[in-house]
Ligand SMILES: C[S@@+](CC[C@H](N)C(=O)[O-])C[C@H]1O[C@@H](n2cnc3c(N)ncnc32)[C@H](O)[C@@H]1O
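In the numbering used here, the protein residues as written are 141 to 364.
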């Protein structure tokens with residue numbers, strides 16, 4: 141299997157199942173024009189996040205890592221009336237693009253962007269009593285996934301779901317000797333996940349337009 145074939149299959153799936161959407165397409169175009177890296181979730185992954193949020197009946201969603209707001213738009217559209225999504229972003233330029241994309245998508249009343257390093261903004265959310273969240277999507281810097289997961293456990297309700305992106309990294313996750321801090325971050329997170337009695341978890345590999353990677357899913361099964 142080649143990356144070209146994965147991409148062709150993703151395009152086939154997107155053409156069939158993901159109707160053209162001006163706000164989402166404009167968000168990607170504006171992100172590209174602003175020079176943001178092309179690291180948003182793929183369209184079929186965005187829709188998966190959207191469907192999971194609906195299945196979850198999520199009213200409060202937290203996202204760590206906004207980039208240009210592409211996944212935030214997918215997730216926010218799953219919310220019922222009165223629902224809200226908070227997205228955390230450390231890069232002011234990314235935050236500006238996200239705000240414009242969220243405004244264009246008509247979601248400014250639903251989505252709140254917090255600018256700052258998530259290691260600072262997550263404890264602030266905890267101190268404010270901003271939770272509990274029904275769904276938390278972790279998709280920022282990979283070295284800090286273990287800390288984000290630990291902090292997310294304090295913010296997620298029992299029955300809530302924590303989703304972590306990029307946990308396979310082209311298979312490099314199995315290299316215990318890797319010197320790459322991103323790989324070590326993911327491996328450390330996997331150890332925490334395995335040892336955490338308050339969640340039931342799995343991870344899946346994905347291939348597609350974003351290459352070979354994967355998501356971890358942790359259902360919070362006990363009160364924290
Ligand atoms: C993979 S992108 C997010 C993609 C987005 N979730 C999507 O699919 O549309 C990761 C984002 O996390 C942000 N980020 C990196 N380190 C961060 C930190 N310490 N705190 C908050 N955000 C951070 C980056 O600036 C980048 O915009």
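Cβ atoms here follow ideal geometry from the backbone N, Cα and C, with glycine treated the same way.
query                                                                                                                                                     : result
Could you give the DSSP three-state label for residue 226: helix, strand or coil?                                                                         : strand
Could you tell me if residue 248 is buried or exposed, where buried requires 16 or more neighbouring beta carbons within 10 angstroms of its beta carbon? : exposed
Looking at the structure shown, is residue 274 part of a helix, part of a strand, or coil, going by DSSP?                                                 : strand
Is there contact between the region 185 to 199 and the region 234 to 253, where contact requires at least three CB pairs shorter than 8 Å?                : no
Please classify residue 149: does DSSP put it in a helix, a strand, or coil?                                                                              : helix
Nearest to residue 204 by CA position, among 186, 217, 280, is which residue?                                                                             : 280
Just to confirm, are residue 241 and residue 209 a CB contact at a threshold of 7 Å?                                                                      : yes
Measuring only from the beta carbon, is residue 179 closer than 6 Å to any heavy atom that is part of ligand 1?                                           : yes
Please give me, in chain order, every unbroken run of the beta strand (DSSP E) with length at least 3 that falls completely inside the region 195 to 248. : 200 to 204, 224 to 229
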